[in-house]
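Protein chains: 2
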Amino acid sequence: MKLTILGCHSATPRWDAHPTAQVLEVKGHLFLIDCAEGTQVQLRRFKVKFARIKHIFISHLHGDHFFGLVGLISTFRLLGREADLHIYGPKGIKEAVLLQLKLGKSYTNYGLYFHELNSDQPQLLFEDDKLTVTTVPLNHRIYTNGFLFQEKPAERGLDVDKARSLNVEMSYYRKIKQGADATTKDGKTIPNEDITFDPPPPKSYAYCSDTAYYPTLVAQVAGATTLYHESTFLDKDHDLAEKTMHSTAKEAAAIAKKAQVGQLILGHYSGRYQHLQAFKMEAQEIFENVELAEDGKVFEI
Amino acid sequence: MKLTILGCHSATPRWDAHPTAQVLEVKGHLFLIDCAEGTQVQLRRFKVKFARIKHIFISHLHGDHFFGLVGLISTFRLLGREADLHIYGPKGIKEAVLLQLKLGKSYTNYGLYFHELNSDQPQLLFEDDKLTVTTVPLNHRIYTNGFLFQEKPAERGLDVDKARSLNVEMSYYRKIKQGADATTKDGKTIPNEDITFDPPPPKSYAYCSDTAYYPTLVAQVAGATTLYHESTFLDKDHDLAEKTMHSTAKEAAAIAKKAQVGQLILGHYSGRYQHLQAFKMEAQEIFENVELAEDGKVFEI
Chain A
44 MKLTILGCHS ATPRWDAHPT AQVLEVKGHL FLIDCAEGTQ VQLRRFKVKF
94 ARIKHIFISH LHGDHFFGLV GLISTFRLLG READLHIYGP KGIKEAVLLQ
144 LKLGKSYTNY GLYFHELNSD QPQLLFEDDK LTVTTVPLNH RIYTNGFLFQ
194 EKPAERGLDV DKARSLNVEM SYYRKIKQGA DATTKDGKTI PNEDITFDPP
244 PPKSYAYCSD TAYYPTLVAQ VAGATTLYHE STFLDKDHDL AEKTMHSTAK
294 EAAAIAKKAQ VGQLILGHYS GRYQHLQAFK MEAQEIFENV ELAEDGKVFE
344 I
Chain B
44 MKLTILGCHS ATPRWDAHPT AQVLEVKGHL FLIDCAEGTQ VQLRRFKVKF
94 ARIKHIFISH LHGDHFFGLV GLISTFRLLG READLHIYGP KGIKEAVLLQ
144 LKLGKSYTNY GLYFHELNSD QPQLLFEDDK LTVTTVPLNH RIYTNGFLFQ
194 EKPAERGLDV DKARSLNVEM SYYRKIKQGA DATTKDGKTI PNEDITFDPP
244 PPKSYAYCSD TAYYPTLVAQ VAGATTLYHE STFLDKDHDL AEKTMHSTAK
294 EAAAIAKKAQ VGQLILGHYS GRYQHLQAFK MEAQEIFENV ELAEDGKVFE
344 I
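Protein chains in written order, with the numbering used here: chain A, 44 to 344; chain B, 44 to 344.
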């Protein structure tokens with residue numbers, strides 16, 4: 044999994060601080076997560092091959108996560124896109140986008156599909172043979188979902204040399220990778236674990252923004268390889284976090300710790316802070332493996 | 044008049060080529076003309092004191108002139124704006140903005156007034172003691188207006204030394220500046236032109252984008268100090284200009300020449316051209332005083 048941060052700041056876009064958008068590359072997909080104003084510029088700036096994006100996941104309909112969507116959709120049209128585009132987001136997103144396209148007489152010439160969300164329970168949004176994408180209901184001022192991207196367990200690795208030396212029929216290889224015992228040409232059974240090895244464990248990425256401190260989400264993101272959790276405020280502004288239904292860095296770290304994730308990435312910083320290092324320091328009081336999101340930063344998960 | 048170009052390129056926003064928005068400072072006002080995606084970032088970048096903007100004029104509802112409006116309106120809210128904001132633009136603009144604010148439960152806490160336009164005749168949009176703003180109906184794929192900003196004639200200049208030496212009552216000064224003859228303390232009449240001088244001629248700025256070649260607009264912008272006229276294409280792509288209802292640099296110059304304006308500013312360049320100088324050269328074959336708009340460039344009119 045490769046995560047590219049296009050923007051990780053809250054509220055208003057500035058020249059050097061872009062609001063939320065990120066791209067997750069996984070198993071041949073390029074998923075766009077949130078789409079603040081200016082996202083299409085950031086996609087070009089960081090050389091993301093954005094024509095490959097076929098699925099866009101919008102957490103909620105605040106401008107700093109959503110106002111760049113209609114522009115990106117329009118640009119795809121101007122660039123002659125033909126591939127379908129799927130948008131997953133809160134109810135109302137379809138009307139907002141289509142109204143603007145209609146006013147400009149700029150309907151797309153490619154398939155544009157909206158998948159509107161209004162459930163407060165986790166929902167499976169996307170599945171293929173290699174991964175699933177599920178909503179993670181969050182707790183914010185308006186209806187908001189995070190998203191959990193989970194690889195499916197890969198097939199077992201086959202020790203081909205050993206299989207050959209044991210005279211295992213090639214036609215069994217597929218089943219053996221799926222866990223079956225092997226049978227040699229002379230009819231002998233060889234236990235699966237003797238000629239296979241464990242595949243790399245499936246990875247998962249959980250995106251949780253925006254949300255107040257919300258331990259309910261722990262169960263869903265437990266064990267995630269990487270958790271991106273918003274941290275709009277530092278601890279000294281805890282009251283503001285509560286009032287605006289955002290989280291502090293410490294709260295993000297508390298979720299990471301409870302969920303026993305591999306790594307925590309912080310982001311969605313309020314513009315009031317000059318330096319971001321304090322976010323990392325405060326979080327590390329509670330959870331060790333913390334990284335700071337920065338515009339343009341790439342994480343290999 | 045001081046014109047700041049925030050963006051002057053057509054279609055999709057890029058890191059170094061912003062779509063249309065400009066700020067006109069005149070007689071104490073700061074008018075925003077069009078508001079493409081990223082305009083609020085450009086306002087900050089070029090250090091425009093944008094809290095002073097009270098009137099926004101939107102030519103038409105294509106994304107490259109309009110998609111930054113809702114973000115700017117939201118940012119004004121986040122910055123605690125209290126002053127009223129007036130939006131002038133095509134019918135539908137109100138619904139598009141309010142729907143998005145509603146979805147984000149982000150209604151403004153300042154007065155937001157929409158003045159929706161649908162007339163194909165020039166309309167007076169704004170007037171105070173010093174200037175007027177009028178629509179300039181254009182000819183584009185969707186309903187579009189340019190805008191004409193006209194200073195009112197200033198009062199005549201009074202030669203105060205001469206008035207004193209002639210014993211003119213101070214209480215007449217106001218009327219004299221407005222053109223009345225003077226009366227001395229001993230009852231003698233002095234012709235107005237003997238103690239006044241001509242004020243500087245009123246200036247005017249005409250903004251015409253987007254439009255096909257449209258000589259109808261000449262009558263309205265005749266004699267303007269400065270005309271901004273879109274020139275999306277060069278002459279070799281004249282067929283594209285016709286097809287998309289845009290203008291070439293030569294056509295923009297032809298309008299400037301017919302209207303006998305003082306200066307022509309070109310802009311709204313298609314992204315297909317590497318160098319902009321060709322726009323100026325082609326226009327200058329027809330009209331001498333041509334300038335090229337560039338992002339961040341300031342014109343004193």
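In this text, a Cβ means the ideal position worked out from N, Cα and C, and glycines have one as well.
query	result
Straight-line Cα distance separating S247(A) from I219(A)	25 angstroms
Pairwise C-alpha distance: K134(A) and F109(A)	13 angstroms
In DSSP terms, what V348(B) is bridged to	Residue 348(B) lies beyond the residue range present for chain B, which begins at 44 and ends at 344; the question has no answer from this structure.
Beta-carbon gap between F37(A) and K300(A) smaller than 8 angstroms	In this structure chain A extends from 44 to 344, so residue 37(A) is not present and cannot be described.
Residues, ordered as in the chain, of the region 311-325 of chain B that lie near chain A by beta-carbon distance below 8 angstroms	none
Residue-level contact to chain B via CB, I96(A), 8 angstroms cutoff	no
Burial state of Y312(B), where buried means 16 or more other Cβ atoms lie within 10 Å	buried
Simplified DSSP state of D280(B), which is helix, strand or coil	helix
Own chain partners of A60(A) with C-beta closer than 6 angstroms, once the 5 adjacent residues on each side are dropped	H52
DSSP bridge partner residues for V341(A) (one or two, in chain order)	T47(A)
G154(B) (DSSP reduced to helix, strand or coil)	coil
Cutoff 6 angstroms; reference E334(A); Cβ partners in own chain excluding five residues on either side	I308
Cross-strand partners of L307(A) (DSSP beta bridge)	L270(A) and V333(A)
Helix, strand or coil at S252(B) according to DSSP, with G and I counted as helix	coil
7 angstroms Cβ cut-off: residues of chain B touching G50(A)	Ordered by position in chain B, no residue passes the 7 angstroms Cβ test against G50(A), which lies about 11 angstroms from the chain.
Contact set between L142(A) and chain B, taken where Cβ atoms lie within less than 7 angstroms	E138, A139 and L142
Amino acids of chain A, ordered along the chain, whose beta-carbon sits closer than 7 angstroms to that of F110(B)	V113 and G114
Neighbourhood of D172(A) by C-beta, 8 angstroms cutoff - its chain only, sequence neighbours within 5 removed	K195
Coarse secondary structure for N188(A), derived from DSSP in three states	strand
Residues within the region 61-85 of chain B neighbouring chain A, beta-carbon criterion of under 8 angstroms	E80, G81, Q83 and V84
Host alpha helix (DSSP H) of E138(B) (start-end)	I136 to L146
Three-state secondary structure assigned by DSSP to A299(A)	helix
Chain B contact for T118(A) (CB, 8 angstroms cutoff)	yes
Three-state secondary structure (DSSP) of I219(A)	helix
Buried versus exposed, by CB contacts within 10 Å (16 or more), A223(B)	exposed
Enclosing alpha helix (DSSP H) for H72(B) [first to last residue]	First-last for H72(B): H72 to I76, but that is the beta strand (DSSP E), not the alpha helix (DSSP H).
Sub-8 angstroms separation of E155(A) and I116(A) beta-carbons	Looking at the sequence itself, residue 155(A) is Leu, so the reference to Glu does not match. It is a contact, given that the beta carbons lie within the stated cut-off.
Inter-residue spacing [alpha-carbon to alpha-carbon] between E159(B) and L270(A)	46 angstroms
A292(B) versus K323(B) - alpha carbon distance	7 angstroms
Residue-chain proximity (L307(A), chain D), Cβ-Cβ < 8 angstroms	In summary, chain D is missing from the structure at hand, where the protein chains are A and B.
Chain A contact for R57(B) (CB, 8 angstroms cutoff)	yes
Spatial neighbours of G200(A) in its chain, beta-carbon cut-off 8 angstroms, leaving aside the 5 residues before and after	K220, T239, F240, D241 and P242
Cβ-based burial, D127(A) [other Cβ within 10 Å; buried from 16]	exposed
Close-in-space but distant-in-sequence residues of the same chain around H281(B) (CB under 7 angstroms, 5 per side omitted)	T291
Residues of the region 176-197 of chain B with Cβ closer than 7 angstroms to any Cβ of chain A, in chain order	R184 and I185
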